[in-house]
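Let me begin by presenting the structure, written as structure tokens, before commenting on it.
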Amino acid sequence: MRSDTDRCRLIAAASMLLLPPLVLLTRGDYPGRSLLKETLSMLTLGAFFLLFGQFLLGRGARFAPEGIRFGRLLNLHKIIGYSVVSLLLVHPFLIVLPRAFEGGVSPGDALMQILTTLDSLGVVLGMVSWVLMLVIGATSLLRARLGLDYRTWRLLHALLSVLLVVVASWHAIELGRHTDAAVALLVVMLACAAVLVVIRQAVYDYSNPLSQTRGARP
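Just so we're aligned, residue 626 is where the sequence shown starts under the numbering used here, counting upward by one.
Below, the structure is given as structure tokens:
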């Protein structure tokens with residue numbers, strides 16, 4: 626019974642992260658597009674904002690519901706993490722997917738055009754974000770095979786995650802179709818909160834070395 630309650634509370638807490646951007650998006654004035662394009666955009670935006678939940682609902686934050694067992698929190702962290710990273714890794718392909726149903730440039734040509742537009746800061750930031758996500762996902766799945774002890778992996782994971790949040794947020798503000806002033810401000814606030822959470826947890830771990838062994842199982 627408690628496990629079901631914990632699960633519902635965690636899902637509700639994670640869902641709350643999607644409410645502010647949804648409210649802002651419904652109030653924005655954006656040119657209409659096809660249903661497929663809007664659906665893919667909403668999926669990507671949802672995954673992007675859930676990325677912040679990895680920090681704000683983690684054990685280093687004060688935003689997680691009280692009384693939730695650490696194991697449940699860790700499971701949610703893994704589920705959201707792998708799901709979000711998987712979706713955002715295919716984000717470049719989702720951008721060009723609608724081209725398959727339109728005339729003109731093919732999806733492959735459109736993707737190559739994007740990847741070779743290196744004079745665009747937003748595109749470069751997107752490429753860096755993609756590589757960071759790939760590294761984070763790979764090191765999380767293959768930590769044991771890479772021979773990384775838990776303390777080293779946690780430090781690497783935290784540093785890469787902070788870098789990802791900063792670069793991905795910058796990318797979203799630069800190129801995001803729905804990123805007007807209000808959404809950009811929300812992104813900056815969430816990114817700053819995420820970085821502060823990591824700093825707070827790092828200070829706590831430094832002061833309490835035994836805490837660094839918690840959750841050490843791969």
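Yeah, the Cβ is synthetic: ideal placement off N, Cα and C, and Gly gets one too. Note that the coordinates shown come from a computational prediction; the quantities given were computed from them, not determined experimentally.
In three-state DSSP terms, what is residue i?
i, result
"E727", "coil"
"R658", "coil"
"L676", "helix"
"G747", "helix"
"L767", "coil"
"P843", "At P843, the pLDDT of 46 sits below 50, so the modelled position is not reliable; the number obtained from the coordinates is stated separately. Coil, per DSSP."
"D774", "coil"
"L643", "coil"
"Y707", "helix"
"A827", "helix"
"M626", "Note that M626 scores a pLDDT of 49, beneath 50, so its modelled location is shaky and nothing firm can be said."
On the premise that residue j lies in contact with residue i, defined as a C-beta separation below 8 Å, what is that separation, rounded to the nearest angstrom?
i, j, result
"V812", "S794", "5 Å"
"V792", "L750", "5 Å"
"H796", "S832", "So it is not a contact: roughly 34 Å between Cβ atoms."
"L681", "V822", "7 Å"
"A672", "L712", "4 Å"
What residue does the alpha helix (DSSP H) around residue i start on, and which one ends it?
i, result
"V715", "Segment: none, V715 is in no alpha helix (DSSP H) and carries neither H nor E."
"H803", "Counting along the chain, H803 falls outside any alpha helix (DSSP H), and DSSP gives it neither H nor E."
"L740", "732-740"
Determine, for residue i, whether the minimum Cβ-Cβ distance to residues of chain D falls below 7 Å.
i, result
"V721", "No chain D is part of this structure, which consists of one protein chain only."
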